[in-house]
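Peer 1:
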Amino acid sequence: MADAKIHPFLMFEGKAEEAMNFYVSLFPGAEVLDIVRYGPGQPGAEGSVMKASFSLRGLTILCIDSIIKHGFTFTPAISLFVECESEDEINRVTSALLANGNALMPLGEYGFSRKFAWVSDRYGVSWQLNLA
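First residue of the sequence shown? That's 964 in the numbering used here, and the numbers climb one at a time after it.
So, in structure tokens, the structure goes:
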């Protein structure tokens, strides 16, 4: 299976489309690739995301609105690592992700990076941002 792929998969409870649109707004060239919504009489809330995909810098990420309530959410043990191309980009993206989110490691200079931040966004998704 040489063409088998591995994609990050984000499971939300009613915020998949909002989160996806937010993430796509952060990076030039990012786009929503596909979205399928629950319709009338289907198990999910009508109009919520049955399955969707979006692209950030060539990485395809899948997401859904789970119809099952789970006793867990996102954890910083898994994060999306972004190599930022400029000071402006790392400052802008970090600021946007921190809006109603949390800094796990504030934007700053660390021994392994001249500028780095690790944040959990308003949806609970963890991001590591590094100035390349």
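Glycine included, C-beta positions come from ideal geometry on N, C-alpha and C.
(1) Going by the CB atoms, is the gap between A993 and F1017 shorter than 8 Å?
(2) Going by C-alpha to C-alpha distance, which of R1020, L973, A967, F972 sits closest to V990?
(3) Could you work out which residue in G1064, P971, A967, S1083 is closest to I1024 when comparing CA atoms only?
(4) Which class does Y1073 belong to by DSSP, given the choice of helix, strand or coil?
(5) Cα-Cα, which of Q1005, S1058, N1063, A1015 is closest to L1070?
(6) Between the stretch 1025-1036 and the stretch 1063-1079, do at least 3 Cβ pairs fall closer than 8 Å?
(7) Going by C-alpha distance, which of E976, V995, G977 is nearest M983?
(8) Would you call the CB atoms of V1082 and N1065 closer than 8 Å?
(9) From this set, I998, I1031, I969, K1078, which residue's C-alpha is nearest S1049's C-alpha?
(10) Quick check: the Cα distance between P1006 and M1013, rounded to an integer number of angstroms?
(11) At which residues does the alpha helix (DSSP H) containing I1053 begin and terminate?
Peer 2: So, to answer that:
(1) Residue 1017 sits at position 54 when you count from the first residue of the sequence shown. Residue 993 sits at position 30 when you count from the first residue of the sequence shown. Cβ atoms of F1017 and A993: closer than 8 Å.
(2) One-based indexing of the sequence shown puts residue 990 at position 27. Going by the sequence as given, residue 990 is Phe instead of Val. Looking at the Cα atoms, R1020 is the closest of the given residues.
(3) Here residue 1024 is taken as the residue at index 61 of the sequence shown, counted from 1. Residue P971 is the option with its Cα nearest to I1024.
(4) Within the sequence shown, numbered from 1, the residue matching residue 1073 stands at position 110. In the structure shown, Y1073 sits in a strand (DSSP, three-state: E or B).
(5) By 1-based counting over the sequence shown, the position of residue 1070 is 107. Per the Cα distances, S1058.
(6) no
(7) Within the sequence shown, numbered from 1, the residue matching residue 983 stands at position 20. Comparing Cα positions, the closest option is V995.
(8) Position 119 of the sequence shown, counting from 1, holds the residue named residue 1082. Position 102 of the sequence shown, counting from 1, holds the residue named residue 1065. Contact flag set, yes.
(9) Your numbering for residue 1049 matches position 86 in the sequence shown. The residue with the shortest Cα to Cα distance from S1049 is K1078.
(10) Position 43 of the sequence shown, counting from 1, holds the residue named residue 1006. Position 50 of the sequence shown, counting from 1, holds the residue named residue 1013. Cα to Cα, the separation comes out at about 9 Å.
(11) The residue you call residue 1053 lines up with position 90 of the sequence shown. Per DSSP, I1053 belongs to the alpha helix (DSSP H) from 1050-1061.
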